[in-house]
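*Asks:*
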Amino acid sequence: MKIFIAGIMQGSKKGKGIQEQDYRQIIRDAIKINHPDAEIVDPFSLFPNSVEYDDQRAKEVLFAMGAEAGSADVVIAYLPEASMGTALEIIRAYDNGKTIISISPMEENWVIRAVSAKIFPTLDEFCNWIQQAQLQEL
72 MKIFIAGIMQ
82 GSKKGKGIQE
92 QDYRQIIRDA
102 IKINHPDAEI
112 VDPFSLFPNS
122 VEYDDQRAKE
132 VLFAMGAEAG
142 SADVVIAYLP
152 EASMGTALEI
162 IRAYDNGKTI
172 ISISPMEENW
182 VIRAVSAKIF
192 PTLDEFCNWI
202 QQAQLQEL
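Residue numbering for the sequence shown follows the numbering used here, beginning at 72 and increasing consecutively.
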């Protein structure tokens, strides 16, 4: 099973700053408890300096990661606030009939509600669930 970790990087920050990315390891660790054989794709691990890319490279990576999300079995989207890159990834996944699980306090957001098979308001709630869940059943 291929799982894509989508989530906020720059969010609404101006400039080249990024949000904390520790949630990615927390999600990865929680998945591995019940799904040790899962292939996990993490764009930040693949492209940790992406905010420094020139426009052409940034465009290539953005759309490549959208395609990668669209080819995953499950996309886990961490959205403590709006994220344009994550929106692209979850729409690509949705358009390809993939399962999307969102972690976000924005439970009333139309996009999140429209595409998500499950929504968890906190990372802790997601971690408690994923350690026991069978993703194949979604």
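Where a beta carbon is used, it is the ideal one built from N, C-alpha and C, also for glycine.
1) Could you give the DSSP three-state label for A188: helix, strand or coil?
2) Given 8 Å as the limit, is there contact between the region 183-191 and the region 123-131, that is, 3 or more CB pairs closer than that?
3) Can you say whether G168 is buried or exposed, counting buried as having 16 or more other CB atoms within 10 angstroms of its CB?
4) Could you give the uninterrupted runs of the beta strand (DSSP E) lying entirely in the region 101-142, keeping only those of 3 residues or more?
5) Which residues in the same chain as N105 place their Cβ atom closer than 6 Å to its Cβ, once the five residues preceding and following it in sequence are excluded?
6) Measure the Cβ-Cβ separation of L159 and L117 and say whether it is below 8 Å.
7) Hey, quick one: how far does the alpha helix (DSSP H) through A164 stretch, first residue to last?
8) If I follow the unbroken beta strand (DSSP E) through I74, where does it start and stop?
9) What's the call for R95, buried or exposed, on a 16-neighbour Cβ count within 10 Å?
10) Can the beta-carbon of I79 be found less than 8 Å from the beta-carbon of P192?
11) Within the same chain, show all residues whose beta-carbon is closer than 8 Å to that of I74, passing over the 5 residues directly before and after it, in chain order.
12) Going by the beta-carbon positions, is the gap between P114 and M136 smaller than 8 Å?
13) Could you name the residues that DSSP lists as bridge partners for I183?
*Replies:* Looking at the coordinates:
1) Reading the sequence shown from its first residue, position 117 is the one you call residue 188. Reduced to three states, the DSSP call for A188 is coil.
2) no
3) In the sequence shown, counting from the first residue as 1, residue 168 sits at position 97. Around the CB of G168, fewer than 16 other CB atoms lie within 10 Å, so the residue is classed as exposed.
4) The region 101-142 contains these whole beta strand (DSSP E) runs: 110-112.
5) Taking the sequence shown and counting its residues from 1, the one referred to as residue 105 is at position 34. These residues qualify, in order along the chain: Q202.
6) The residue labelled residue 159 in the question sits at position 88 within the sequence shown. The residue labelled residue 117 in the question sits at position 46 within the sequence shown. It is not a contact, given that the beta carbons lie outside the stated cut-off.
7) Here the question's residue 164 lines up with position 93 in the sequence shown. It spans M155 to D166 - the alpha helix (DSSP H) in which A164 sits, taken as one unbroken run.
8) In the sequence shown, counting from the first residue as 1, residue 74 sits at position 3. Residues K73 to G78.
9) Position 24 of the sequence shown, counting from 1, holds the residue named residue 95. Classification of R95: buried, given that the 10 Å Cβ count is 16 or more.
10) Against the sequence shown, residue 79 aligns to sequence position 8. Against the sequence shown, residue 192 aligns to sequence position 121. Not in contact: I79 and P192 (Cβ atoms no closer than 8 Å).
11) Your numbering for residue 74 matches position 3 in the sequence shown. If we look at I74 and ignore the five residues flanking it on each side, its Cβ neighbours are I102, H106, A109, E110, I111, V112, A143, D144, V145, V146, I147 and L206.
12) Position 43 of the sequence shown, counted from the first residue, corresponds to residue 114. Position 65 of the sequence shown, counted from the first residue, corresponds to residue 136. A contact, by the Cβ cut-off of 8 Å.
13) Counting from 1 along the sequence shown, the entry for residue 183 is found at position 112. I183 pairs with nothing; no bridge assigned.
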